[in-house]
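Q: Using numbering that gives the first Met the number 0, read the sequence shown as starting at 0 and increasing by one per residue.
We treat Cβ as the ideally placed atom computed from N, Cα and C, and that holds for glycine.
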Amino acid sequence: MIFTLEALYTLHIFNNYSDDLAFLPLPTAIEGNENRKDNLLWVIEKGFEDLKEMGLIVDNRPTEECVQYGAYLKEYHEANYHCQIDHLLSYAPGVDEFKRMAVIIMEVGDNQFQLDRAGSAVFLAFLMEMHPVLQEVDDTIKDYIHSQWEEEALMRLIVRHGNEEALRIRINEFSKDTQDIIYLTSDHHLYEYDVSKQMRRSIDSEQLKTQLIKKLKVRM
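#1: Quick check for students: name the residue ranges of the alpha helix (DSSP H) that lie wholly in the segment 72-138, counting only runs of 4 or more.
#2: Pull up the CB-CB distance for LEU183 and ALA165, whole angstroms please, since I reckon it's below 8 Å.
#3: So, are the CB atoms of ASN15 and THR27 less than 8 Å apart?
#4: Pick helix, strand or coil for ARG218, following the three-state DSSP scheme.
#5: Mind checking LEU10: buried by the 16 CB within 10 Å criterion, or exposed?
#6: For LEU171, which beta-bridge partners are listed by DSSP?
#7: So, with DSSP's three-state summary, where would you put LEU23?
#8: Tell me, please, whether the segment 113-123 touches the segment 92-102 by the rule of three or more beta-carbon pairs shorter than 8 Å.
#9: Who are the near neighbours of LEU7 in its chain, counting only those whose CB is closer than 8 Å to its CB and skipping five residues on each side?
#10: Quick check on the DSSP output: the alpha helix (DSSP H) that includes HIS160 runs from which residue to which?
#11: Could you give the residue range of the beta strand (DSSP E) that holds HIS188?
#12: Using 8 Å as the Cβ pair cut-off and three pairs as the minimum, do the segment 125-137 and the segment 167-186 touch?
#13: Identify the residues that DSSP records as bridge partners of VAL57: which are they?
#14: What three-state label does DSSP hand ILE202 in the structure shown?
#15: Quick check on GLU48: does DSSP put it in helix, strand or coil?
#16: Enumerate in chain order the residues of its own chain whose CB-to-CB distance from SER204 is below 7 Å, with the five nearest sequence positions on each side excluded.
#17: Given a threshold of 16 other Cβ atoms within 10 Å of its Cβ, counted over all protein chains shown, does VAL217 qualify as buried or as exposed?
#18: Let me check one thing: in DSSP terms, what residues is GLU149 bridge-paired to?
#19: Do VAL107 and ILE1 have their C-beta atoms within less than 8 Å of each other?
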C-alpha cells in the first residue's frame, strides 16, 4: 500500500494528533506558508481524498485496514526513539510489549511512502541485504592509522568522499536529535563520521554491526 504524506498525516489526525511525525514534517500547501492551521486543513482535505482513492475510506468511513494502518502510525508517533536512515527510512523500534517489533515508514518515490510493522531483527536483515555499504562490509578492513577520532570538516568530507557509498543514521530521542552518524567506505576501509562533532575514525565491520544492533535497538 502506497501512501502520500498527506494521507499519512490524515491518519495521524484521525489518531487525534496534530503535531509533526518524527523525521516527516507536515507538508505545506504553498511554499513558505507557515500557517499551521491552514496547512492542516489542506492536508486533511487532500489526504482524505487520497485515502478514498486507496480504498481505505469507503462511504466516508475508514475501513478495518485503514484502522490497522492508523494503529501502526500511532505506535510510530508515540515511540520515544526514532531513527532515520539515508532520509528514506524512518524507524521506531520497540513498539510492542516485548520490544521486538518496529514500525517502518519507507519513502519509495516522490511523495510515496510505505507503512509497515516488522520485527527489528527482520528489518536489520533487510538493511544488511539491501544497503550497498552493508552488502560489502565484510570485505572492508580497518585503517588502524586513523582508528582514533580525528577532526574533519563536513565540507571536506563531502569533497573527498562525495562519490563514495555511505550509510547515514540520525537518531531522535524524546523529540530531540541526539545522533547523526555517517558510515562510508573508501579504498577498502570503513569509516565512521560524527556529523555533529565533525570527527572521523576508522572502524571494522564487527564494530559497525554492533553499533547497528544498538542504534536500531534490535531484539530477537
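A: This is what the structure holds:
#1: 119-129 and 131-134
#2: 4 Å
#3: no
#4: coil
#5: buried
#6: Position check: residue 171 holds Asn in this sequence, whereas Leu was assumed. Paired residue(s): HIS81 and ASP176.
#7: strand
#8: yes
#9: LEU20, LEU23, GLY46, LEU72, ILE104, PHE112 and LEU114
#10: Judged by DSSP secondary structure, HIS160 falls within the alpha helix (DSSP H) whose first and last residues are 153-160.
#11: 188-193
#12: yes
#13: ARG60
#14: coil
#15: Assignment of GLU48 by DSSP, reduced to helix, strand and coil, places it in the helix class.
#16: VAL136, ASP137, THR139 and LEU189
#17: buried
#18: ARG199
#19: It is a contact, given that the beta carbons lie within the stated cut-off.
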